[in-house]
Structure formats: structure tokens, C-alpha cells
Amino acid sequence: MFELNNIVNEHYTGIFSTTLSVTFYAPTTDSPRPRSADLILPLTTRSKTGSQMLVYPGDANVEVEIPVNAAEAWLEVIATGAAEEEFYYTNLIAQGSKYLPDAGLIGKGPYREVQLRIDDLLAGIVYPFPVIYTGGANPLLWRPLASLRAFDVPSFFVDMTPYLPLLCDGQKHRFEFSVLGQGKDGSVTDNWFITGALHVDLDKTDPPVRTTGRLLQHQIPPSPLIFSGIFPSSDNSTLKTVVKAAREVKVVSRVVTGSGSRLVRASTVASFANEQYYADNGTFQHIVQDIQVAQTSEDLSLHRYTYRDVYSFPLDLNTNYTLFESDHRFAARVDNYGYDRARMLPEALGGVAGRASLTRSNQRGEAEITGRKGRRSTGWGEMSETYEFVGPGGETYEEEIRAVNASIVSRKRSGSLAPESTSRLTVVQADFVLCFGASCTL
Numbered sequence: 001m002f003e004l005n006n007i008v009n010e011h012y013t014g015i016f017s018t019t020l021s022v023t024f025y026a027p028t029t030d031s032p033r034p035r036s037a038d039l040i041l042p043l044t045t046r047s048k049t050g051s052q053m054l055v056y057p058g059d060a061n062v063e064v065e066i067p068v069n070a071a072e073a074w075l076e077v078i079a080t081g082a083a084e085e086e087f088y089y090t091n092l093i094a095q096g097s098k099y100l101p102d103a104g105l106i107g108k109g110p111y112r113e114v115q116l117r118i119d120d121l122l123a124g125i126v127y128p129f130p131v132i133y134t135g136g137a138n139p140l141l142w143r144p145l146a147s148l149r150a151f152d153v154p155s156f157f158v159d160m161t162p163y164l165p166l167l168c169d170g171q172k173h174r175f176e177f178s179v180l181g182q183g184k185d186g187s188v189t190d191n192w193f194i195t196g197a198l199h200v201d202l203d204k205t206d207p208p209v210r211t212t213g214r215l216l217q218h219q220i221p222p223s224p225l226i227f228s229g230i231f232p233s234s235d236n237s238t239l240k241t242v243v244k245a246a247r248e249v250k251v252v253s254r255v256v257t258g259s260g261s262r263l264v265r266a267s268t269v270a271s272f273a274n275e276q277y278y279a280d281n282g283t284f285q286h287i288v289q290d291i292q293v294a295q296t297s298e299d300l301s302l303h304r305y306t307y308r309d310v311y312s313f314p315l316d317l318n319t320n321y322t323l324f325e326s327d328h329r330f331a332a333r334v335d336n337y338g339y340d341r342a343r344m345l346p347e348a349l350g351g352v353a354g355r356a357s358l359t360r361s362n363q364r365g366e367a368e369i370t371g372r373k374g375r376r377s378t379g380w381g382e383m384s385e386t387y388e389f390v391g392p393g394g395e396t397y398e399e400e401i402r403a404v405n406a407s408i409v410s411r412k413r414s415g416s417l418a419p420e421s422t423s424r425l426t427v428v429q430a431d432f433v434l435c436f437g438a439s440c441t442l
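Residue numbers for the sequence shown follow my numbering, so the first one is 1 and each next one is one higher.
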């Protein structure tokens with residue numbers, strides 16, 4: 001799904017000029033056509049004129065009828081925060097607001113998990129990647145290198161196969177999304193955009209036989225164990241907050257199709273840690289966060305894994321906003337921003353049985369914008385990124401790239417998927433000043 005919204009009103013009058021290119025590759029012996037699910041059911045608004053995104057808080061639910069002979073089912077989820085939830089990982093826990101009453105910080109804490117319910121039964125948990133959109137922290141960090149996954153928000157899968165004995169009855173079932181935060185009763189601020197796609201593989205018995213079975217174990221607590229602490233300095237001039245959470249999910253079912261009986265298990269082990277340090281009445285903020293998750297699906301009858309997804313999302317971010325009557329300073333530094341993920345997908349999701357892919361990417365950089373009353377704002381920024389990919393067939397790609405003041409100054413690529421020319425690009429640019437409102441003459 002591709003959606004590019006625009007706002008046009010009396011203040012914003014610009015339009016997008018966009019070219020979308022799609023390249024299709026013919027299958028080869030080395031790269032055969034991947035398998036896909038027999039049926040993909042959208043969990044969206046299904047609107048013919050408006051957005052396909054479900055919105056939470058709101059009625060983020062869809063009714064779906066699963067084929068009675070489903071053998072496997074995987075729910076793919078994309079979730080991203082917007083408005084006051086856009087940078088939710090920087091939000092202040094409620095206990096800290098009394099120490100920074102005039103800072104204007106958004107509350108309800110930094111912990112978020114996307115929950116899926118089927119007919120009110122909590123069926124799965126997703127931990128979203130903390131996207132820093134391209135105006136976040138400091139806009140000059142992301143020119144021309146966009147922040148990690150800003151234009152490719154990662155999706156996550158929830159194994160629905162253990163629930164097929166409940167779903168394959170020929171009736172519609174309600175799939176409902178919500179987001180758990182740290183506000184009252186687990187509430188969040190506004191808002192989250194969520195979409196889903198249900199990938200269904202059918203049993204090939206002819207004529208079709210209804211899938212039956214039994215849900216044997218359902219271990220998903222309604223909320224994780226969350227620890228929150230606040231540590232003000234003796235004079236209340238600085239504040240440290242700590243949020244830690246842990247979760248373990250386990251679902252086991254006997255699934256009986258026309259082809260036989262299987263014992264399946266889906267499990268998740270997750271940990272979350274967020275520490276924030278505030279100074280200067282909240283205008284200085286240092287965030288250190290890490291999310292670590294391991295998802296596993298198993299066919300216990302055959303003693304084999306069908307799906308594995310292990311990921312870590314570290315974030316180390318400093319922001320400093322200094323505002324005076326005559327000038328301002330807006331600085332940010334990214335010391336560690338990572339997307340580390342190893343996945344083994346089932347064949348129904350295009351994977352290769354028993355083979356995993358690995359993605360590692362990391363960004364580090366800093367930027368600053370300064371200005372004085374009556375003068376244009378100026379600034380500078382730099383960003384370095386490393387990327388590594390290993391495919392299920394052993395194919396590799398690595399890239400190191402660095403940008404300074406909106407120009408790529410070095411780039412190095414290697415690996416079996418890299419272009420034939422991997423020479424380093426070097427651009428030297430001195431005395432460069434970014435200006436806002438009009439061009440500058442040096």
C-alpha cells in the first residue's frame with residue numbers, strides 16, 4: 001500500500017510532483033519466483049475515497065471472514081505514531097510533570113505496544129520501530145540522508161495459526177487494534193495510524209475440509225510488567241526518568257486440517273528500557289532507549305521452526321532548545337540509532353524454509369540551527385550511516401555513507417549485490433552555510 005497525503009489550505013498551497021517506479025524481475029534458477037499466501041485480506045478502512053489507515057484512539061477494528069480450510073495465517077501489521085504520538089519515545093511519564101510544569105512536554109510516557117484482539121481476546125503484541133521522521137530532532141540531520149525507515153516503516157507479523165480452530169467457522173470475526181501507553185488505564189495521546197494484512201494459506205485437500213482443533217494454552221497478560229521511576233536532583237534543576245518493561249507471550253494449539261493434525265506454538269519474549277535526562281527546565285533532553293524482541297513460531301509435531309524474528313532498536317538522542325528574546329539555538333546529536341533485525345519467514349510469506357535474512361543499519365550525526373532577531377537562521381548538519389544486508393541465499397550488500405551540510409561527501413558499497421563500480425565518492429565543500437527564507441551569498 002502506498003499513500004502520500006498532502007495538506008492544501010490558505011497557508012500551505014504547494015503540490016507534490018511524484019514519480020513512482022516499479023521494477024519487476026523475471027524469475028531465474030538462482031532467484032525463483034517466491035511463494036506467497038493463497039489469500040491476502042486487508043485490515044484497513046476499505047474506503048473507496050479516503051485513507052486506508054485505521055486510527056487509534058478510535059474504532060480501529062475490521063470484521064473478517066477466514067476461509068474454513070485455512071492451514072496457516074499470518075497478520076502483518078504496520079503502525080506509526082502521529083501528532084502528539086509522533087515522537088512518543090520522548091514523552092514524559094506522569095510523575096515527572098510536577099518537576100517540569102512549564103516545559104510543555106507531552107506526557108503518558110515513552111512505552112508503547114500495539115495490541116491485537118480477536119473478538120475481545122488479546123491475540124498478539126507488536127513493538128513498533130521508533131521512527132524519527134525527517135523533521136524530527138533537527139531537520140538538518142536528515143539532508144539528504146533520511147532517518148532510518150522514515151520512508152519504509154517496517155511491518156511486523158503476528159502468527160494467527162494457533163487461532164484457526166476459533167476462526168475457521170464460516171463466520172466473521174472482529175480484529176481490533178489498540179495501543180497501550182502509560183496514561184490512565186494505559187491510554188495514549190492522539191494518535192496512531194495502523195493497517196494490517198492477513199496472509200492466509202489454504203489446505204489443499206479436495207474437496208475442502210473445515211479446519212478444527214483446540215486452543216490449548218493462551219498466555220498473554222493484558223499488560224506487561226512496567227517499572228517507572230523518577231530521580232530529581234536535590235535542587236530540582238535536573239530530572240532523570242527510567243521506564244523498563246518485560247513481556248512473555250505463549251500460545252499453543254492443536255490445529256487439524258484435511259491434511260492432518262499439528263501441534264503449533266507461537267511465542268514472544270520482549271524487553272524495553274528507556275532512560276531520559278532533563279535539564280534547563282526541559283529544554284535539554286537526553287534519551288537512551290532499547291527495544292529487544294524475539295518472536296518464534298514452531299511446528300512442534302515436526303520439531304521445526306516455521307518463523308523467527310529477532311530484533312533490537314537502540315536509540316541514543318540529545319536535543320537542546322535554547323530560546324532567548326533576541327536569539328535561539330536548536331541543536332541535536334544522534335549517538336546511536338539502529339535497526340538490527342534477523343528474520344526467517346515461512347514460505348507463505350515469501351521466505352525460504354530454514355533460511356534467514358539479516359539487516360543491520362545505524363546512524364550517527366549532529367546538527368545545529370541558530371538565529372538572531374532580525375536575521376535569517378543559519379545552520380549545519382552531518383550524518384553517517386552504515387548498512388548491512390545478508391539475504392537467505394547468502395547474497396550480501398554493505399554500504400557506508402556520510403553527508404555534510406546537505407551534500408554526500410563519501411560513499412562506499414561492497415558485497416555481491418553492490419554495483420560493479422564501488423569506488424569512494426568524495427566531495428569537498430568548505431565554508432558552507434544553510435540559510436532559511438532566502439539564499440545566502442558567502
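Every residue gets a Cβ at the ideal spot worked out from N, C-alpha and C, and that includes glycine.
Remember, predicted model here, so these are calculated numbers, not experimental data.
*Looking only at DSSP bridge pairs, what is A356 linked to?*
Answer by DSSP bridge pairing: none, since A356 is not bridged.
*asked:* Measuring CB atoms only, is the segment 134 to 148 touching the segment 374 to 382, in the sense that at least three cross pairs come out at less than 8 Å?
replied: Yes, the segment 134 to 148 is in contact with the segment 374 to 382.
*Is there contact here, the segment 144 to 153 with the segment 194 to 203, by at least three beta-carbon pairs under 8 Å?*
No, because fewer than three Cβ pairs between the segment 144 to 153 and the segment 194 to 203 fall closer than 8 Å, the two stretches do not touch.
*Beta-carbon proximity check, T211 vs P162, cutoff 8 Å*: No, these two residues do not count as a Cβ contact at 8 Å.
*Contacts around P392, its chain only, beta-carbon distance under 6 Å, and the 5 residues preceding and following it disregarded*: The beta carbon of P392 sits closer than 6 Å to those of V352, R355, S357, all from its chain and outside the five residues before and after it, given in chain order.
*Based on the DSSP secondary-structure assignment, which residues constitute the bridge partners of W74?*
Bridge partners of W74: D159, H199.
_Can you list, in chain order, the residues of its chain with a C-beta nearer than 8 Å to that of T19? Leave out the 5 residues immediately preceding and following it._
Result list for T19: empty, nothing under 8 Å.
_Using only the alpha-carbon positions, how far apart do S31 and A342 sit?_
C-alpha separation (whole angstroms): 20 Å.
*Tell me, please, which residues DSSP counts as bridged to G350.*
Partner(s): none; G350 has no beta bridge.
*asked:* Give me the residue from A73, V131, G104 with the minimum Cα distance to I291.
replied: Answer by Cα proximity: V131.
*For Y12, collect the residues of the same chain with a Cβ closer than 6 Å to its Cβ; drop the 5 residues on either side in sequence, then sort them by chain order.*
For Y12, where only same-chain residues beyond five positions count, there are no Cβ hits under 6 Å.
_Going by beta-carbon coordinates alone, are Y56 and I226 separated by less than 8 Å?_
No.
*In the DSSP assignment, find the alpha helix (DSSP H) that holds L166 and state where it starts and stops.*
If you look at L166, you'll find it in the alpha helix (DSSP H) that goes 164 to 167.
*With distances taken from CA atoms, which of E113, F129, S228, G50 is nearest L315?*
If we check each option's Cα against that of L315, F129 comes out closest.
*When DSSP labels each residue in this structure, what does G260 get in the three-state scheme?*
In the three-state reduction of the DSSP assignment, G260 falls in the strand class.
*Helix or strand or just coil, what does DSSP make of G374?*
Note: G374 maps to coil in three-state DSSP.
*For the beta strand (DSSP E) that H218 lies in, which residues bound it at each end?*
For H218, the uninterrupted beta strand (DSSP E) run begins and ends at 212 to 219, by DSSP.
*Tell whether a beta-carbon distance below 8 Å holds between Y387 and L417.*
Going by C-beta atoms, Y387 is not nearer than 8 Å to L417.
_Alpha-carbon to alpha-carbon, E86 and T134_ = Distance between the alpha carbons of T134 and E86: 11 Å.
*Reduced DSSP secondary structure (H/G/I, E/B, other) of G14*: The answer is coil: DSSP assigns G14 none of H, G, I, E or B.
*With a CB to CB cut of under 6 Å and the five nearest residues on each side skipped, what residues in its chain are close to G81?*
Cβ neighbours of G81 beyond the five flanking positions: Y88, W192.
*Keeping to the same chain, check which residues put their C-beta closer than 7 Å to that of P42; ignore five residues upstream and five downstream.*
So the qualifying residues of the chain are A197.
*Taking 8 Å as the cut-off, decide whether the C-beta atoms of L443 and N91 are in contact.*
No statement about residue 443 is possible, as the shown extent of the chain runs from 1 to 442 and does not include it.
*Since S178 sits in a beta bridge, which residues does DSSP pair it with?*
Per DSSP, the beta bridge partners of S178 are Q115.
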